[in-house]
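Undergrad:
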Amino acid sequence: MSTHMQRFLTHLRDLAGRMSGAGGKGAGIGLKLLIGAGALAYGVKEATFTVDGGQRAIIFNRIGGMQMDTVLAEGLHFRLPWIQYPIIYDIRARPRKIASLTGSKDLQMINIGLRVLSRPVAANLPAMYQQLGKDYDERVLPSIVNEVLKSVVAKFNASQLITQRAQVSLLIRRELFERAKDFNIILDDVAITELSFSREYTAAVEAKQVAQQEAQRAQFYVEKAKQDQRHKIIQAEGEAEAAKMLGQAVTKNPGYLKLRRIRAAQAIAKTVATSQNKVYLSADNLVLNLQDDSFNKYVLGKINGNIGGEKYIISLSHYLWEK
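By the count of UniProt numbering, the sequence shown reaches residue 323 at its end, each step adding exactly one.
1) Would you kindly report the start and end of the unbroken beta strand (DSSP E) that includes T48?
2) Could you name the residues of the same chain whose beta carbon sits closer than 7 angstroms to that of L76, not counting the 5 residues immediately before and after it, in chain order?
3) Taking only the alpha-carbon atoms, compute the straight-line gap between R94 and R217 and give it to the nearest angstrom.
4) Does DSSP put Q130 in a helix, in a strand, or in coil?
5) Excluding the five sequence neighbours on either side, which residues of its own chain have a C-beta within less than 6 angstroms of the C-beta of L132, listed in chain order?
6) Looking only at C-alpha atoms, which of V121, G64, I234 sits nearest to Y89?
7) Give the straight-line distance between the Cα atoms of residue 402 and A204, rounded to the nearest whole angstrom.
8) I need the DSSP call for F78, collapsed to helix, strand or coil.
9) Within its chain, find whatever has a CB closer than 6 angstroms to the CB of F183; leave out the 5 residues flanking it on each side and keep chain order.
10) Would you kindly work out how many angstroms separate the C-alpha atoms of residue 325 and M245, rounded to a whole number?
11) Is V190 closer than 9 angstroms to S159 when the C-beta atoms are compared?
12) Mapping DSSP to helix, strand and coil, what is D137?
13) Hey, how far is the Cα of L259 from the Cα of A225?
14) Do you know how far the Cα of A57 is from the Cα of D69?
15) Please state whether DSSP places T163 in a helix, a strand or coil.
16) Considering D188, what are the terminal residues of the beta strand (DSSP E) in which it resides?
17) M109 lies in the beta strand (DSSP E); which residues open and close that run?
18) For E200, count the other beta carbons within 10 Å of its own beta carbon; 16 or more makes it buried, fewer makes it exposed. Which is it?
19) D106 to N157, Cα distance in whole Å?
20) In terms of DSSP beta bridges, what is residue 368 paired with?
21) According to DSSP, is Q84 helix, strand or coil?
22) Please work out which residues of its chain come closer than 6 angstroms, Cβ to Cβ, to K297, disregarding the five sequence neighbours upstream and downstream, and give them in chain order.
23) If contacts are defined as beta-carbon pairs under 8 angstroms, then M109 and L117 qualify, I think. What distance do you get, rounded to the angstrom?
24) Here's the rule: buried if 16 or more other CB atoms are within 10 angstroms of the residue's CB, otherwise exposed. What is L80?
25) Give me the Cα-Cα distance between R174 and D52, rounded to the nearest whole angstrom.
26) Among E214, A240, L161, which has the Cα closest to the Cα of F197?
Put into structure tokens, the structure is as follows:
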């Protein structure tokens, strides 16, 4: 008999004693009715219970033990007072973070953390209560998570855990799902929340990256030097070919050189005519007599100062430019 029931009966006895002492036969009948009504109300209260949303209830019988085929959903339910009592389970997914220190394939120590969303299989709650109790996640999840993490991480090198993180996460999720089924636990999600290495390994990785960058920079300089060398070779070959073609043209047609002289004189005249500066040319550098042998000495002309008249030179420049 529960403590509340004992207190309730004691209170009724005290009330009955006071009423029997104060009244006659009618008071005794009223007292009995009051006691009966109170007992009925208390019995109805003890015979009902409510299962809230997101919960399930299983029934334990003091006589027959756990009722293995009974799982009660949300709502109002009845039980036999003092013989049956409900055990309420929360079947909503609950998050849990679990961290583990394990070794990789190349014997590097890895700190890895998981976030797991778990919930019980509602249909198997009686068996779960018999085997694990209500704190099933405390009893099961840390052990199976550590077991799976050690087995999966040992298959990869430390560098592969970073470059193949999606594959590692998939393997962990798959193996955890299978292990959790053995304990009537459903895993809605498994995610890697932390993946860190020892300080020594992190420093070694950074040094390796710096060395690779320096090697790539040196290779770039080598390639650039090779390209510059090829450019110079091609440029020299082009100049040699141009000189060869020019020599052939002069040999085949002597007038070609005179044509080049005229073009050079026109270019000089154009530059002088359009310039805003005052230019003074020597009489020997006017490039007038194209048939004179002295013209060979001034193919492109020499610009000197202090000789000749300004007006005459400008007229000559306009004349050559117009030609």
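Yeah, the Cβ is synthetic: ideal placement off N, Cα and C, and Gly gets one too.
Keep in mind the model is a prediction, meaning the values are calculated, not measured.
TA: Here's the rundown:
1) T48: member of the beta strand (DSSP E) spanning 48-51, first to last residue.
2) Excluding residues within five positions, the ones whose Cβ falls inside 7 angstroms are T48, T50.
3) 51 angstroms
4) helix
5) R139
6) V121
7) Only positions 1 to 323 of the chain appear in this structure, which leaves residue 402 out of reach.
8) strand
9) V140
10) The structure shown does not extend to residue 325, since the chain is modelled only from 1 to 323, so the question has no answer here.
11) no
12) helix
13) 41 angstroms
14) 12 angstroms
15) helix
16) 185-197
17) 109-120
18) exposed
19) 5 angstroms
20) Given a span of 1 to 323 for the chain in the structure shown, any question on residue 368 remains unanswerable.
21) In the displayed model, Q84 falls within a strand according to three-state DSSP.
22) At K297, the pLDDT of 46 sits below 50, so the modelled position is not reliable and the matter cannot be decided from this model.
23) At roughly 27 angstroms, the Cβ-Cβ gap does not stay under 8 angstroms, so M109 and L117 are not in contact.
24) exposed
25) 32 angstroms
26) L161
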